[in-house]
Structure formats: structure tokens, C-alpha cells
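Beneath this line is the structure, given in C-alpha cells, with notes to follow.
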Amino acid sequence: MNILLFSMPDSFEHMPAFAIRLPNGALTSLAGNVDPHHRVAVADLILVQERVRQTVERLVRELAPDVVGLSVMTFQRRTAIKLIDLVRQLRPAVQVVVGGYDPSLAPEAYTDNHTGVVDFIVRGEGDITFRELVRALEQGRGYDHIAGLSYRHSDRFVHNAARPVSGLDDGAIRLPNRAARVLTGYSALGRQIDVVETSRGCTFDCSFCSIIAMRGRNFHPYAFDRVLADIRDARDHGARAIFLVDDNITLNVRRFAALCQAIIDAGLHDLDYTVQAMTAPLAQHGEMLTPLMHQAGFRYVFLGIENILDENLTFLRASAKNQHRAHGQQVGNATLKAIDYIHRHKMYVIGGLIVGNPDDTREAIDANLAFARRYVDWPYIQHPTPYPGTPMTNDFRDRGLIINEHLEEYDGTTAVVKTEHVAADEAEYMRWKADRWMKLRHMPVALCHDPWFVLKHAHKMLSHTFRGATLKTFLGLEDDRAAFARFKERRKAEREYL
Ligand code: B12
Ligand code: SF4
Numbered sequence: 011m012n013i014l015l016f017s018m019p020d021s022f023e024h025m026p027a028f029a030i031r032l033p034n035g036a037l038t039s040l041a042g043n044v045d046p047h048h049r050v051a052v053a054d055l056i057l058v059q060e061r062v063r064q065t066v067e068r069l070v071r072e073l074a075p076d077v078v079g080l081s082v083m084t085f086q087r088r089t090a091i092k093l094i095d096l097v098r099q100l101r102p103a104v105q106v107v108v109g110g111y112d113p114s115l116a117p118e119a120y121t122d123n124h125t126g127v128v129d130f131i132v133r134g135e136g137d138i139t140f141r142e143l144v145r146a147l148e149q150g151r152g153y154d155h156i157a158g159l160s161y162r163h164s165d166r167f168v169h170n171a172a173r174p175v176s177g178l179d180d181g182a183i184r185l186p187n188r189a190a191r192v193l194t195g196y197s198a199l200g201r202q203i204d205v206v207e208t209s210r211g212c213t214f215d216c217s218f219c220s221i222i223a224m225r226g227r228n229f230h231p232y233a234f235d236r237v238l239a240d241i242r243d244a245r246d247h248g249a250r251a252i253f254l255v256d257d258n259i260t261l262n263v264r265r266f267a268a269l270c271q272a273i274i275d276a277g278l279h280d281l282d283y284t285v286q287a288m289t290a291p292l293a294q295h296g297e298m299l300t301p302l303m304h305q306a307g308f309r310y311v312f313l314g315i316e317n318i319l320d321e322n323l324t325f326l327r328a329s330a331k332n333q334h335r336a337h338g339q340q341v342g343n344a345t346l347k348a349i350d351y352i353h354r355h356k357m358y359v360i361g362g363l364i365v366g367n368p369d370d371t372r373e374a375i376d377a378n379l380a381f382a383r384r385y386v387d388w389p390y391i392q393h394p395t396p397y398p399g400t401p402m403t404n405d406f407r408d409r410g411l412i413i414n415e416h417l418e419e420y421d422g423t424t425a426v427v428k429t430e431h432v433a434a435d436e437a438e439y440m441r442w443k444a445d446r447w448m449k450l451r452h453m454p455v456a457l458c459h460d461p462w463f464v465l466k467h468a469h470k471m472l473s474h475t476f477r478g479a480t481l482k483t484f485l486g487l488e489d490d491r492a493a494f495a496r497f498k499e500r501r502k503a504e505r506e507y508l
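Going by the working numbering, the first residue of the sequence shown is number 11, and it counts up by one from there.
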């Protein structure tokens, strides 16, 4: 069968596509896990953000797919629905499958009559479910035996039982197939980048995170041989930077340290690595872990700080993962210690913070922004966003704080909730205003590491960072709010990918 898999073109403020274009790890994993006689093509539409329609038309014409699959996050739902319409016009007999966080956590959005445009929904992990679905389609068999699948049956949708999460240690999930990619241009500031998984899952339950509703609280690692083979494969396909997309690699610090050592021993430490991490394990084991990370090539650590105020950490259910313990005692917040270890070992902190929580005052937001200004290298500051199935969504809904139901704006940097004391627009304005200068401050570091890219794109980088501002803004002849209003208008226009 001919299978064409798409990830959506939608990007968000912290990841401008001219500078950062990451592959979607799910699609290559699906491509690696269908039976080998199928022809699979993977198209990451982030690579062609400026010409989505033409690219989709071309690929559908050239590849004549029997099955089209889409990987969708919530803020990409509107684009996905438009894309499905386009694919159906081009190839009416095609079978359409959706998967990923949005279809898994809000399947009704894809089965209701007005949007009932899909044939199948793969809920949760997709590797084995999709393999079995393609087999069933090929053999003309029914679908009632496929766990994790929802399918159309006459005029209704049947939802099969959920599929238990994969153990990952039995080799059932094969390596991703990067050769299936049909578009090029993955980049992190001009350096080709790829994604690699070393584990799946997390045992925490932060109230803003979709992971628990998606797969429950569990942690499953891949064997090192497989991880190293995956990194090698990414490098053989041209990658010079790797983003480890594990949900929470720091759950098992000893394993993470051993992995760093294995990367060094395998000679794979000539790549730049970025990883997501919790503060507590880094604070507690930094002495042993961070020098190894540095040696292994880790450059950026995306730190889940979430918030610096205890009451907000409680609301976000993120207190435990930020709690520093020494000699069996709780000795305060782990963030500063973790940041100190990262900096001492010449790595940079991408500071993940969430501002605009229900009880936030202006002062509470300001305190977090001031913290970011002082301690983090690159701000990744977001607003709490009520994604389907997260506990936080119920909290915001019960308190009547959700002010925006346009899901295409649920990209994390648009404030779609207000607090009890601060309007959504005001929280976003405060964040936006502070963000720009922090980003500017990091540009010399980027210049030293990737001089050609930064010199060539300096103008674009600056104009993206200060979008909306004009000479009048910098000369103080107009209020920053006028620039913010223009920024919001541009952002809105950008969201029309099709
Ligand atoms: C890595 C990651 C990123 C990376 C890379 C994204 C990329 N290009 O892949 C970066 C940092 C760029 C990123 C950014 C964002 N992310 Co992100 N990210 C993740 C993370 C940590 C891991 C995703 C991953 O690659 N997993 C490994 C792959 C193999 O697993 P998978 O994607 O789940 O795919 C499996 C199944 O879902 C399914 N599947 C997926 N697609 C399809 C398609 C088909 C056809 C089928 C059959 C099956 C299928 O099968 C796959 C294999 O089993 C998750 C989860 C988490 N714990 O936080 C969040 C997560 C996906 N991100 C999220 C969000 C919101 C974002 C942002 C909008 C804002 C933000 N919070 O940072 C931006 C927007 C990105 C953009 N497009 O501009 C949310 C999505 C919530 C939602 N309901 O939509 C998540 C769940 C985190 C959360 N807050 O809960 N993200
Ligand atoms: S620690 Fe990270 S992955 Fe785990 S629940 Fe919290 S935000 Fe999600």
C-alpha cells in the first residue's frame, strides 16, 4: 500500500520556522513499524510552511496514497481538518487516519458529524496499532481486534478498548525509518537536527501536562544498543544536533548518566544534544551528572521550572519535582541549584515557566519574569493552556477563567485564560514584553556557535523577536501596547497555513 504521513505546519512564537524546524518523531516511528513491503512517505509540513497547499497537492499526485495519516496537536486541529478536506478533494477514495495528542484526547472532535472527516483514529501509542491497521486494510479484514483503534462503522464510530502501553524492552517497536522522509531542511540555527527517543512516559502528574491522560503514569526505557543505533542513524542521515524527546529522561538519573557515558564511548559526543529535565534530580545528582552531560555533548537543558512561587507549584502539581532534598530532608526549591550545575558545566538553560495561573496577581507574574531575566539563558515562558484531558482544564473551567475557545490559539504563548486578578491579554503583554529582551541577550551565544547562520539571518532573527515594534516604538514615540497589538495581528495572519 502507499502511505503518506503528514505532520502539521503550525509553529509557535518560541520556535520560528526560519530558525528551528524539527522533525516529528512519531511519523518516522510509524514508518519504521509498518510491514516493510509498504511504500511509506513522511512529510513534515513545518519544512514548507510557506507552500503547504502546493506541497500537499504535489505529494498526493506523485505518491497516490491509499492511506493518509496526520499527527495532530490541539492547536493544529483546525489546520488538520482543512488538510483532510484538501486530501479528500484530491483523492476521494483515500483512507484518512489521525493520531497524536489531539485525536487521542479529544476523539469526538474528529467523529462529530460536522467534522466527521476521518476514517480511523489511533489513540495513544501508534506504532503497533498502525501496523495492525495497515495489515487489516490490506487484507480487507475487520478492525474489531485492533486495540487502541477507533473506526467508522456504517453511520457511527466504534471505539475499541485502549491498547496497553508498550514495554519497549522486547524489541516490538522497531527503529524509526528516516529514509521515508520526502522533504528536507530540518534545522536548528542552520545545523541539521533530528529527534531521538530513549524512553517513554512519566510517573509524575503535573496538572498542565497531557502525558498522563495519554498513557497513564509509567516509565519505559529503550535498551542502550537501540538508542545508540538510533542516534547513529540520525547522524548518518545528516544530523549534527539531536533533541531527545523523552517525556522525562531524568526519572532514572543513574540510567541517564550511564547513557551519557555510552554516548561518549560510542563516539557520538560530537553532536549537540538538547534534553528536557526536572530540576530536582539535577540539583540532587548534579555533581555526578552534569559533567558527564557536558562531555556527552549536551548543550541546552530545557528545565521544567514551571513557577517560582510555592502556591503556583501546588496548583500545577509540580512541587515534588522541584523539591530539593538533602540527607533525606526537604531543603527548599531545587531550581537555583540545578541551574548552577548546568551553568558550571558550560550548558545553557531553556527556562520552562508558566505564568498567568488562576490566582496570579501582576506581582506574581512579574516575580517569575524577573527570575527568568536573572537566571535563564533562553526563556520558554508559556501561559497555562487548557488542553483536552488535563486536570488543569477542569480547574480553569470550573472557575470560569477560560476566555478563548479558538483552539488554533492554544499554542502556549497565547493567553487563553485570565487569572482572578489579571486579564488574559495583560498577562500575555507582560510576558511578551519581557521575553523579547531576554531572547536578544542570548544572541551573542548563538552567534559564537553558529556564526554563519546568525550573521546571514540576523535581520530576520531581530525582526521576529521584536515583531510589531517600529522605529517609533524604540524611540518611545508610541506605547509598547501598539506594538503588541500589531504583533497579535501578525500572529493571527500567520496561522492561515492553508
Ligand atoms: C518533543 C516535544 C516537543 C518538541 C518537538 C515537537 C516535534 N516536532 O515533534 C518541541 C519542543 C518543539 C515541542 C513544542 C511544542 N509542543 Co510539544 N512535546 C514534545 C513531547 C515532550 C514529546 C513528543 C514526542 O516526540 N514524543 C515521541 C513520539 C514518538 O511520541 P508521540 O508524539 O506521542 O507519537 C506517538 C503517538 O502519539 C502516536 N501518533 C502520533 N502521531 C500520529 C499520527 C498517526 C497517523 C498515527 C497513526 C499515530 C500517531 O503514535 C506515536 C508513536 O507511538 C510531548 C509530550 C510531553 N511529555 O510533554 C510534548 C507535547 C506533544 N507538546 C505539546 C505542546 C502543546 C507543544 C507546543 C504547542 C507548546 C509547548 N508546550 O511547548 C509547542 C508547539 C510545537 C510546534 N509545532 O511549533 C503538548 C501537546 C498537547 C496537546 N493536547 O496538543 C505535549 C503533549 C506536552 C504537554 N504540554 O502536555 N514539543
Ligand atoms: S514531569 Fe514533565 S512529563 Fe512528567 S507529568 Fe510533569 S510536565 Fe509531564
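All C-beta atoms, glycine included, are put in the ideal place defined by N, C-alpha and C.
| task | Quick one: which unbroken alpha helix (DSSP H) runs of 4-plus residues sit fully inside the stretch 205–287? Chain order, please. | result | 221–225, 234–246 and 263–275
| message | Please report the straight-line C-alpha distance between Y111 and A348, rounded to a whole angstrom. | response | To locate residue 111, count along the sequence shown from 1; it is residue 101. To locate residue 348, count along the sequence shown from 1; it is residue 338. Cα-Cα distance, rounded: 30 Å.
| Below 5 Å from a heavy atom of the ligand SF4 - residues by beta-carbon | The filter returns C212, F214, C216, C219, I221, D257 and N258, in chain order.
| request: May I ask which residues mark the beginning and end of the beta strand (DSSP E) holding L80? | output: Position 70 of the sequence shown holds residue 80. V77 to S81 is the span of the beta strand (DSSP E), which, as asked, contains L80.
| field | M298 beta carbon less than 8 Å from that of A267 | value | Within the sequence shown, the letter at position 257 stands for residue 267. Within the sequence shown, the letter at position 288 stands for residue 298. Their beta carbons are under 8 Å apart, which means A267 touches M298 by this criterion.
| query | Which of the three DSSP states, helix, strand or coil, is assigned to R151? | reply | Counted from its first residue, the sequence shown places residue 151 at position 141. R151 falls in the coil class under three-state DSSP.
| said: Let's see if you can read the secondary structure: which residues bound the beta strand (DSSP E) around N12? | reply: Here residue 12 refers to the residue found at position 2 of the sequence shown. Segment N12 to S17, the beta strand (DSSP E) holding N12.
| query | Hey, quick one: how far does the alpha helix (DSSP H) through A36 stretch, first residue to last? | reply | The residue given as residue 36 occupies position 26 in the sequence shown. Here the alpha helix (DSSP H) through A36 covers G35 to N43.
| message | Under 7 Å: does the beta carbon of Y283 sit that close to some heavy atom of the ligand B12? | response | Looking up residue 283 in the sequence shown gives position 273. Y283 Cβ: outside cutoff for every heavy atom of the ligand B12.
| query | Between the stretch 39–55 and the stretch 185–198, do at least 3 Cβ pairs fall closer than 8 Å? | reply | Output reads yes: the stretch 185–198 touches the stretch 39–55.
| task | Let me know if H169 comes out buried or exposed under the rule of 16 or more other beta-carbons within 10 Å of its beta-carbon. | result | Stepping through the sequence shown from its first residue, residue 169 is reached at position 159. Per the 10 Å Cβ criterion, exposed.
| request: Rounded to whole angstroms, what's the CA-CA distance from N414 to A198? Just pull it up for me. | output: Looking up residue 414 in the sequence shown gives position 404. Looking up residue 198 in the sequence shown gives position 188. Cα to Cα, N414 sits roughly 32 Å from A198.
| Looking at Y153 and the ligand B12, is the gap between the Cβ and the nearest heavy atom below 7 Å? | On the sequence shown, residue 153 is found 143 positions in, with the first residue counted as 1. Checking every heavy atom of the ligand B12 against the Cβ of Y153, none is found closer than 7 Å.
| said: Assuming contact is defined by CB atoms lying nearer than 8 Å, are Y420 and T403 in contact in what I supplied? | reply: Translated into the one-based positions of the sequence shown, residue 420 becomes position 410. Translated into the one-based positions of the sequence shown, residue 403 becomes position 393. For Y420 and T403, no; Cβs fall outside 8 Å.
| query | For A374, which option in I91, E488, D320 and Y351 has the closest C-alpha, if you only look at C-alpha atoms? | reply | Taking the sequence shown and counting its residues from 1, the one referred to as residue 374 is at position 364. Closest by alpha carbon: D320.
| Does the beta carbon of Q202 fall short of 7 Å from some heavy atom of the ligand B12? | In the sequence shown, the residue the question calls residue 202 occupies position 192. No; taking the cut-off as 7 Å, the Cβ of Q202 has no heavy atom of the ligand B12 nearer than that.
| said: What does DSSP give as the partner residue(s) for I412 in the beta ladder? | reply: To locate residue 412, count along the sequence shown from 1; it is residue 402. Partner(s): V427.
| request: Return yes when the Cβ of L269 is within less than 8 Å of the Cβ of A249, no when it is not. | output: Sequence index remark: in the sequence shown, residue 249 carries index 239 (1-based). Sequence index remark: in the sequence shown, residue 269 carries index 259 (1-based). Not a contact, by the Cβ cut-off of 8 Å.
| query | Mapping DSSP to helix, strand and coil, what is E316? | reply | As a working mapping, residue 316 is identified with position 306 in the sequence shown. It is a strand residue.
| request: Kindly give me the distance between the Cβ atoms of A239 and L185, rounded to whole angstroms, as I take these residues to be in contact under 8 Å. | output: Residue 239 sits at position 229 when you count from the first residue of the sequence shown. Residue 185 sits at position 175 when you count from the first residue of the sequence shown. Right, the Cβ-Cβ distance comes to about 6 Å (below 8 Å), so this counts as a contact.
| Spatially closest choice to E506 from M18, I13, L14 and M11, by CA coordinates | Looking up residue 506 in the sequence shown gives position 496. The shortest Cα separation from E506 among M18, I13, L14 and M11 belongs to M18.
| message | Measuring straight from C-alpha to C-alpha, what distance separates F234 and D95? | response | By 1-based counting over the sequence shown, the position of residue 234 is 224. By 1-based counting over the sequence shown, the position of residue 95 is 85. Rounded to the nearest angstrom, the two C-alpha atoms are 42 Å apart.
| query | When burial is assigned at 16 or more other CB atoms within 10 Å of the CB, is A287 buried or exposed? | reply | For the purposes of this step, residue 287 is identified with residue 277 of the sequence shown, where counting begins at 1. Counting Cβ neighbours within 10 Å, A287 comes out buried, since at least 16 surround it.
| query | Would N378 be called buried (16 or more neighbouring beta carbons within 10 Å of its own) or exposed? | reply | Position 368 of the sequence shown, counting from 1, holds the residue named residue 378. With 16 or more Cβ atoms within 10 Å of its Cβ, N378 is classed as buried.
| query | If we count Cβ pairs, one from each stretch, closer than 8 Å, do we get three or more for the stretch 361–368 versus the stretch 305–316? | reply | yes
| message | For the alpha helix (DSSP H) containing V97, name the first residue and the last one. | response | Position 87 of the sequence shown, counted from the first residue, corresponds to residue 97. Taken as a continuous stretch (DSSP letters only), the alpha helix (DSSP H) holding V97 covers R87 to L100.
| task | Please check the pair F22 and G422, which I expect to be a contact at CB under 8 Å, by giving their CB distance rounded to whole angstroms. | result | For this step, residue 22 is matched to residue 12 along the sequence shown. For this step, residue 422 is matched to residue 412 along the sequence shown. About 6 Å separates the two Cβ atoms, so the contact holds.
| query | Can you check whether the CB of A434 is closer than 8 Å to the CB of K443? | reply | As a position in the sequence shown, residue 443 is number 433, starting the count at 1. As a position in the sequence shown, residue 434 is number 424, starting the count at 1. Result no, Cβ atoms of K443 and A434 do not sit closer than 8 Å.
| query | I131 to R227, Cα distance in whole Å? | reply | Within the sequence shown, residue 131 is the residue found at index 121, counting from 1. Within the sequence shown, residue 227 is the residue found at index 217, counting from 1. Distance between the alpha carbons of I131 and R227 is about 22 Å.
| Is any heavy atom of the ligand B12 found at a distance shorter than 7 Å from the C-beta of L57? | Mapped onto the sequence shown, residue 57 falls at position 47. Flag unset: Cβ of L57 not near the ligand B12.
| field | Within 8 Å, strictly: CB atoms of L32 and A51 | value | Locating residue 32 in the sequence shown gives position 22, where the first residue counts as 1. Locating residue 51 in the sequence shown gives position 41, where the first residue counts as 1. For L32 and A51, no; Cβs fall outside 8 Å.
| query | Counting contacts by CB-CB distance shorter than 8 Å, is T65 in contact with chain B? | reply | Here chain B cannot be found, since the structure has a single protein chain.
| message | Using only CA atoms, which one of G136, I274, L147 and C219 lies nearest to A328? | response | In the sequence shown, the residue the question calls residue 328 occupies position 318. With distances taken between Cα atoms, A328 lies closest to C219.
| Nearest-angstrom Cα separation, counted from I56 out to T324 | What you label residue 324 is simply residue 314 of the sequence shown in a count that begins at 1. What you label residue 56 is simply residue 46 of the sequence shown in a count that begins at 1. Spanning the two alpha carbons is a distance of roughly 36 Å.
| query | Distance, Cα to Cα, Q305 vs E60? | reply | For the purposes of this step, residue 305 is taken as the residue at position 295 of the sequence shown. For the purposes of this step, residue 60 is taken as the residue at position 50 of the sequence shown. Between Q305 and E60, the C-alpha separation is close to 38 Å.
| task | For N378, write down the residues that DSSP places opposite it in a beta bridge. | result | Residue 378 sits at position 368 when you count from the first residue of the sequence shown. For N378, which the question treats as bridged, DSSP gives no partner whatsoever.
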